[in-house]
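First to last, the protein sequences are chains A and B. Per the working numbering: the first sequence = residues 460 to 1283. Per the working numbering: the second sequence = residues 10 to 176. Backbone N, C-alpha and C fix where the C-beta goes; we use that ideal spot for every residue, glycine too. What you are looking at is a predicted structure, and each value in this text was computed from that prediction instead of being measured. The structure appears below as structure tokens.
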Amino acid sequence: MTKQVTLTIDGKQVTAPEGMLVVDAAKLAGIDIPVFCYHPKMEPVGMCRMCLVEIGRPMVDRNTGKAILDENGQPKLQFMPKLETACTNPVSEGMVVLTQSEKAKAGQKSTVEFLLTSHPLDCPICDKGGECPLQNLTMAHGPGQSRFLYDEKIHLAKNVPLGDLIFLDQERCIQCARCIRFQDEVAGDAVLGFVERGRSMQIASLSDPGFDSVFSGNTTDICPVGALTTADFRFGARPWELDASASICAQCPVGCNITFNTRREAKADGKIVIKRVMPRQNEEVNETWICDKGRFAYHYAESKERLNKPLVRKDEKLIKTSWEAATKAAGDAFTKAKKNLVVLASGRLSNEDLFNLKALADQVGGKTVLYSNMGGGDLTSLVGVGAGTNFGTMGQGSTIVVVASDLYEEAPIWYLRVKQAAERGATLIVANPRETKLERYANFVIRYSYGDEVRTIQDLTKKGKVADVFARSENAVILFGSEGLGLEGSTALATACARALNDTGHVGKPNNGLIGVWQRANDQGAWEIGFRPEENLQSVFDKADAIYIAGADPFGDGMLKIKDARRKPFIVVQDLFETESAKIADVVLPAQAYTEREGTLISGERRLQRFYAAVPPLEGTKADFAITSQVARQMGVILEGTSASVIFEIMAADMPIFSGLNYAKLAEVKEQWPIVGRGDLYYGGTTYENKDGLGVHLSNAAGCGEKVTLPRVQKVAALRPKENKLLAIPITKLYDHGVTVQSAELLSHRIGETFIALHPSAAEKFGIAAGERVKLSLDGVSEDVLVKIDETISAGVALVPRSMGLPINEPTEASVKTNKKAAR
Amino acid sequence: MLRELARGLGTTLKSMFERPVTVQYPEEKRPVRPRFRGRHVLKRYENGLEKCIGCALCAAACPADAIFVEASENTDEKRFSPGERYASTYEINMLRCIYCGYCEDACPTEAIVLGDNYELSFTDRRQAIYDKDMLLEPALPGAETTPQKTTPGKFTRSVPEMKDSAD
Chain A
460 MTKQVTLTID GKQVTAPEGM LVVDAAKLAG IDIPVFCYHP KMEPVGMCRM CLVEIGRPMV
520 DRNTGKAILD ENGQPKLQFM PKLETACTNP VSEGMVVLTQ SEKAKAGQKS TVEFLLTSHP
580 LDCPICDKGG ECPLQNLTMA HGPGQSRFLY DEKIHLAKNV PLGDLIFLDQ ERCIQCARCI
640 RFQDEVAGDA VLGFVERGRS MQIASLSDPG FDSVFSGNTT DICPVGALTT ADFRFGARPW
700 ELDASASICA QCPVGCNITF NTRREAKADG KIVIKRVMPR QNEEVNETWI CDKGRFAYHY
760 AESKERLNKP LVRKDEKLIK TSWEAATKAA GDAFTKAKKN LVVLASGRLS NEDLFNLKAL
820 ADQVGGKTVL YSNMGGGDLT SLVGVGAGTN FGTMGQGSTI VVVASDLYEE APIWYLRVKQ
880 AAERGATLIV ANPRETKLER YANFVIRYSY GDEVRTIQDL TKKGKVADVF ARSENAVILF
940 GSEGLGLEGS TALATACARA LNDTGHVGKP NNGLIGVWQR ANDQGAWEIG FRPEENLQSV
1000 FDKADAIYIA GADPFGDGML KIKDARRKPF IVVQDLFETE SAKIADVVLP AQAYTEREGT
1060 LISGERRLQR FYAAVPPLEG TKADFAITSQ VARQMGVILE GTSASVIFEI MAADMPIFSG
1120 LNYAKLAEVK EQWPIVGRGD LYYGGTTYEN KDGLGVHLSN AAGCGEKVTL PRVQKVAALR
1180 PKENKLLAIP ITKLYDHGVT VQSAELLSHR IGETFIALHP SAAEKFGIAA GERVKLSLDG
1240 VSEDVLVKID ETISAGVALV PRSMGLPINE PTEASVKTNK KAAR
Chain B
10 MLRELARGLG TTLKSMFERP VTVQYPEEKR PVRPRFRGRH VLKRYENGLE KCIGCALCAA
70 ACPADAIFVE ASENTDEKRF SPGERYASTY EINMLRCIYC GYCEDACPTE AIVLGDNYEL
130 SFTDRRQAIY DKDMLLEPAL PGAETTPQKT TPGKFTRSVP EMKDSAD
């Protein structure tokens, strides 16, 4: 433990760890020192001068090294002749800080007066108005009147787009550089900077396209004035008009804690809609940040195309019908199918939904299949990261291995936290066939060919420089992804990772273990509940008599095809939209979006977290678990379908991993550092304080002291690029054509059109230029795609993004044809 | 006894020649006091632009929660008010309104003013919700109504300089 020092702030005795800054020590003691440029998550710079205080230090006799005492026997204090910044001075023993003295108050007052010289004072139209640190601190510390001339205010541009998501108001900016420092220090995308000097100094985007970072939204949270606003919320509502509901982001397996701000809108026909997404502090998951996908891609639930009536096929057409009739049709088909029933569900659903689906399948002896092409979820249950794992506490002595995953694109907040752990001294090993952003912070970069993933990991347990570091490291975590891997390949990789961790003793402890970088938010939960992916989904489908598809669109993704229209199984689809799968279904059941109901999700780190309803459900829809319960009732089976919390209690009684847990436990919170939210937005930004639950880290088999037996690594015959052929490799992009992202108009530029990436030499060989459109054929499907050139990939492969309209689940052979003639 | 009767009749007779205190409403209307608080009016500038900038401070000040505002962004192609923001929805529920005038006080641009109109009657509750079209005063003769196409850079300030801030 670090040494504690005792100091006095405003006459109050405060004990703080050595090295802590005065401003933080004061905050810890409940004393507010106003700041603008200082942020507890970033290095201090002392630019705004708002935190000026008087600091006195005990005088020391230079000869004896002892404190000089005054006539009363008290240590004599030496105050600096001028005020000092509390944000740059670390605490020291015997220090005396005066924040409320006449001198300090005068200093703060003048600073506010200076900052406001050219501030437009357009609070009535400012999006920050109402939650603005400058507004609040002006009221608390400002002089009330300015000696500067109103007519001499400098007028600057009020609408400068830094990118397509963030707008800058140059007049409001107070040049605190919080946004620049966030991008440099925290996000690692140094895309903002100052241009010019003195009075002309302004924030500018240095990248092309502008503000090219997936963390850009966070700068609006920490901006202490209304200078940075998001395109999404610009003039959307006043902050005091918004209601807040706690939730969990369902876009990726990180499970960031978020808050939905909602409001009733005339524009939305008087419905209550989500106006913005804000981070909610959870220091063990997302700290106080979220990525732009989580912040801006939430509009899908408001779509006009939502299903709101059950549909049943009659005479080759889907007819609107009642819930009773639709569930009866589904229930009858399931009862008839018995063990030939297949329940296909994805990790988009909550644990409660999946549990009910599994219970329904078990009732008739049917099969449950996870809609995913990534394996290894059973291994993360065994040797996943131990309870209490926190990237925020990793540093010297920890090793983090990232394999077959581009964290920046797949799980941005993990990228951010892994990067910071590496900067604190953790050893970062990045193994990927192509260059990824995380490599900039890696101590070791391992470049392997697609197909060599397993061997790369197995080498970690052998001799060698990297292997020695890994084995000797006190803590080790492996994050494995599915870049260039199908189900078989990723299962083998996961097994190799699990064995490597187990062999080196890096399991069953906090900050040790395996993390899956899943494709969907609750894939881990689906594994825990007993869903398993199938290597050959098509043959499972062909053999089934009835199939119940929930939260997945296998026909739209090209995962399933109807081979014989006369002998197809009875298809029931439960979804928000009329997907391709819904179009061919016999029964379609309209489900609620996760923002409209409660439930729980399990993150990739195996943290069980609870989300709450933010908006009222669309009329005519039901929660997934309720629909399953109603279908089950038609089959004569009673499943709980009224309350998610009751289902969770049943789960807790039924499944050992959830034992002793309930919704109340998931809603528990504890004091977190730094303190955010509350009345002092100037300190941590507009991030919400977590009042609705930090979740519970599930323990795993290794953590419970059980003997873990791991399976052997299955040999997988990996495809290799062939001469004159291309090997199509699936990769995951942050912004894809998934249904939850695509409807976000704001992100359309970033999503872009379907593309493939080729090495320049491959492009040359096939006579393709960058930016050209070509016909790509793979798996019997051909599609027009854009070609991007990427020098960092190997020559024989074509990178194909998942969920971009191309049916790619594993490496396959592909061919490209230019349609130059057609273009001309 | 007779004297009293005559006095009473005298008073009656006298009052027959006095000016009546009542007026023949609705044919005839009594002028209202200068600070009378009647139905709200949303004001315009002389050039026809709306004074309201959609800041919703009136809604925040309203003790009866009678006002609902939704803002949108101005462009020079389609400008409703000076500055970046204007009220795309502005509704007052006259059944809720208590005519306290706090909205007037809160308004940073003097856009909302409690006018002279006190003749409010409705046959159903929906009618009591006055929308922006009903509240907005007509543009001065010769001035263009909104939205207007304006020259870029001309209307950049939302909040005008007030002659007397205490006014």
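At least one CB of chain B closer than 8 Å to the CB of residue i: is that the case?
i         : result
A:Asp1139 : no
A:Ile584  : yes
A:Glu700  : yes
Could you give the C-beta distance for residue i and residue j, rounded to a whole number, given that I count them as a contact under 8 Å?
i         : j         : result
A:Ile1248 : A:Ala1229 : 4 Å
Rounded to the nearest angstrom, what separates residue i and residue j at their Cα positions?
i         : j         : result
B:Pro40   : B:Glu113  : 21 Å
B:Tyr108  : B:Ala69   : 15 Å
A:Leu996  : A:Leu1019 : 7 Å
A:Lys1027 : A:Ile1021 : 7 Å
A:Gly589  : A:Pro1270 : 52 Å
A:Lys1129 : A:Tyr1071 : 19 Å
A:Thr915  : A:Asp927  : 14 Å
A:Val1259 : A:Ser1274 : 12 Å
A:Leu580  : A:Ala649  : 30 Å
A:Val464  : A:Tyr1142 : 23 Å
A:Lys1356 : A:Ile905  : In the structure as shown, chain A starts at 460 and stops at 1283, and residue 1356 of chain A therefore has no counterpart that could be examined.
A:Gln1051 : A:Tyr759  : 12 Å
A:Gly515  : A:Lys471  : 14 Å
A:Val1096 : A:Gln1089 : 9 Å
A:Ala686  : A:Gly989  : 49 Å
A:Lys535  : A:Val555  : 11 Å
A:Arg1261 : A:Gly945  : 12 Å
A:Asp751  : A:Asp529  : 58 Å
B:Pro161  : B:Cys61   : 20 Å
A:Pro499  : A:Asn849  : 18 Å
A:Ala885  : A:Gln855  : 5 Å
A:Leu574  : A:Thr679  : 19 Å
A:Val732  : A:Ala636  : 33 Å
Counting only beta-carbon separations shorter than 8 Å, does residue i have a partner in chain A?
i        : result
B:Arg94  : yes
B:Pro117 : yes
B:Leu129 : no
B:Ala69  : yes
B:Val32  : no
Mind listing the chain A neighbours of residue i? Cutoff is C-beta to C-beta under 8 Å, in chain order.
i        : result
B:Ile62  : Pro583, Ile584
B:Val168 : Leu580, Asp581, Pro583, Ile584
B:Thr98  : Ala725, Lys726
For residue i, return the contacting residues in chain E, with the cut-off set at a CB-CB distance below 8 Å.
i        : result
A:Phe694 : Looking at the structure shown, chain E is missing, and the protein chains on hand are A and B.
Name, please, each residue of chain B whose Cβ falls closer than 7 Å to the Cβ of residue i.
i        : result
A:Glu724 : Glu79
A:Arg631 : Per Cβ cutoff of 7 Å: no residues; A:Arg631 is ~12 Å from chain B at best.
A:Lys617 : Glu93, Thr165
Can you pull the chain B neighbours of residue i, defined as C-beta to C-beta under 9 Å?
i        : result
A:Arg697 : Cys64, Ala65, Leu66, Ala68, Ala69, Val78, Ala80
Regarding residue i and the ligand SAM, is the C-beta to nearest heavy atom distance less than 7 Å?
i        : result
B:Ala148 : Within the structure as shown, the ligand SAM is missing, as the structure has no ligands at all.
Cβ contact (3+ pairs, closer than 8 Å) linking the segment 1007-1019 of chain A and the segment 1031-1048 of chain A: yes
At least 3 beta-carbon pairs within less than 8 Å: the segment 1153-1164 of chain A vs the segment 836-844 of chain A: yes
Inter-stretch contact (C-beta, 8 Å, three-pair minimum) for the segment 970-985 of chain A and the segment 15-34 of chain B: no
The segment 140-157 of chain B / the segment 45-65 of chain B touching (three or more Cβ pairs under 8 Å): yes
Cβ contact (3+ pairs, closer than 8 Å) linking the segment 926-940 of chain A and the segment 817-830 of chain A: No, they do not touch.
At least 3 beta-carbon pairs within less than 8 Å: the segment 1165-1183 of chain A vs the segment 518-532 of chain A: no
Any 3 or more C-beta pairs closer than 8 Å across the segment 1203-1221 of chain A and the segment 945-959 of chain A: no
Contact between the segment 728-745 of chain A and the segment 1141-1156 of chain A (3+ Cβ pairs under 8 Å): yes
The segment 784-800 of chain A touching the segment 955-969 of chain A, judged by at least three CB pairs closer than 8 Å: no
Touching by the beta-carbon criterion (3+ pairs, under 8 Å), the segment 620-635 of chain A and the segment 653-664 of chain A: yes
Cβ contact check for the segment 540-548 of chain A and the segment 491-511 of chain A: 3 or more pairs under 8 Å: With a cut-off of 8 Å, the segment 491-511 of chain A and the segment 540-548 of chain A count as touching, because enough Cβ pairs lie within range.
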